[in-house]
Amino acid sequence: MVTKILAHGDTDGVCSAALAKASFPDVEIWFTRPVTLLRDLNEIEVGTTVIILDIAINETQKNQIFERMRELALHNEILYIDHHPLPPDTLKRDVPVTQFVHEIGASTSELTFRLFQSSLDPDLDRVALWGAIGDYCEETPFVLETLNKYNRHTIYMEAGLLSQALGEVPGDYHYKRDVVEALAKNTPPTEIPEIIERAVKATKREWETWEYVKKHVMKEGNLAMVLDLPSGSLSKAAFHSLGITGADIGMATRRSEKEVDISIRRRAGVRIDLNELLRGIVERIGGSGGGHEGAAGASIPVELFDTFLETLKKEISPVLPRDAGLRR
Ligand SMILES: [Mn+2]
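The numbers in numbering that gives the first Met the number 0 rise by one with no breaks, and the one at position 194 of the sequence shown is 193.
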């Protein structure tokens with residue numbers, strides 16, 4: 000039976016999928032997200048080998064996800080590689096898979112490369128670097144050491160093109176699968192069809208978002224926000240909003256019929272755990288949310304958004320301490 004990879008569709012997910020694909024050429028690749036992980040695990044036939052890459056465990060579905068993982072792990076190997084914080088009161092050993100590689104601070108791409116290193120072309124460490132840069136996980140000994148092997152400008156140019164291109168149409172999984180295949184063969188992004196065109200298009204659009212944020216951002220105390228961003232990336236708008244205003248926390252939202260999607264970023268060096276903050280708020284008021292310490296997101300029912308905003312403002316109103324050692 001084929002091995003299935005369930006990977007996140009961002010740069011880190013795509014690069015880790017490429018590294019896993021290079022070790023297991025016959026894998027089938029599915030892209031997923033924390034909110035769809037359970038559904039996708041349920042669709043996998045019992046007996047399949049599964050590799051889960053760069054997908055956080057959604058707290059509200061934790062028990063069902065674990066139950067399904069346990070069931071699948073009874074019949075075949077379930078390998079899970081990730082770097083997102085675990086849900087509260089969850090220990091590494093609670094995750095019922097056959098192998099769980101988990102480290103916060105390093106990218107999933109780095110963890111995947113390190114795990115399969117002995118069977119991989121050593122020059123695939125470039126792919127690990129691109130994934131790490133895509134997720135801003137560049138401060139690890141592995142990344143710092145591996146950067147010495149190459150020209151930094153070239154590595155960053157390739158990483159930038161790849162990240163921008165993959166962000167252009169986030170749901171274009173056909174294209175992402177082609178990119179995984181190419182990266183698994185150690186083809187650099189500049190040689191992959193459409194990467195440059197897509198990256199340029201995404202970058203132009205990002206500057207438009209930046210102009211929009213400059214015009215519409217509001218700052219209240221420590222919080223900069225752009226509400227109802229009409230188009231473009233929410234996470235980038237959140238980040239630009241703090242860059243433009245000087246606030247410690249930046250937020251961007253987009254409203255659909257039933258829900259408001261929210262993305263939150265913090266200024267590098269500000270000591271606040273956004274993953275914990277959002278998980279705590281949605282636990283009390285409803286919705287779902289989480290992510291990383293420095294970058295998180297939430298989805299809130301429309302009628303609860305005002306409560307969400309009030310709660311958020313209250314929680315970040317005290318002056319936030321800084322830690323000069325934190326680079327993101
Ligand atoms: Mn990641």
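Glycine included, every Cβ here is placed at the ideal spot set by N, Cα and C.
Note that this is a predicted model, so its numbers are computed, not measured.
* To do: Run through the segment 21-91 for me and flag every whole beta strand (DSSP E) of 3 or more residues, listed as ranges in chain order.
  => List check, beta strand (DSSP E) in window: 27-30, 48-52, 77-81.
* Can you tell me the Cβ-Cβ gap for H7 and L52, rounded? I've got them flagged as a contact below 8 Å. => Between the beta-carbon of H7 and that of L52 there is about 7 Å, and that keeps the pair under the 8 Å contact cut.
* Terminal residues of the beta strand (DSSP E) in which Q163 lies -> Not the beta strand (DSSP E): Q163 falls in the alpha helix (DSSP H), residues 151-167.
* Can the beta-carbon of S106 be found closer than 8 Å to that of D134? -> In contact: S106 and D134 (Cβ atoms closer than 8 Å).
* Anything with a beta carbon under 5 Å from a heavy atom of ligand 1 counts; list them all in chain order. => In chain order, the qualifying residues are D11, D53, T107, D134.
* Indicate whether F99 and Y79 have their beta-carbon atoms separated by less than 8 Å. => In contact: F99 and Y79 (Cβ atoms closer than 8 Å).
* Any idea what DSSP makes of K218, helix, strand or coil? -> In the three-state DSSP reduction, K218 falls in the strand class (E or B).
* Asked: Over what stretch of residues does the beta strand (DSSP E) that includes L5 continue unbroken?
  -> Residues 2-6.
* **Residues bridged to T252 (per DSSP)** => Looking at the DSSP assignment, T252 forms a beta bridge with I261.
* Could you tell me which residues DSSP pairs with A294 in its beta bridges? => Residue pairing by DSSP places A294 opposite R264 in a beta bridge.
* In three-state terms, what does DSSP make of I195? -> The answer is helix: DSSP assigns I195 an H, G or I state.
* To do: Please name the residue or residues paired with I299 in a DSSP beta bridge.
  => Paired residues: V259.
* Touch check for the segment 261-268 and the segment 237-247: three-plus C-beta pairs under 8 Å? -> In the pairwise beta carbon analysis, the segment 261-268 is classified as touching the segment 237-247: at least three pairs are separated by under 8 Å.
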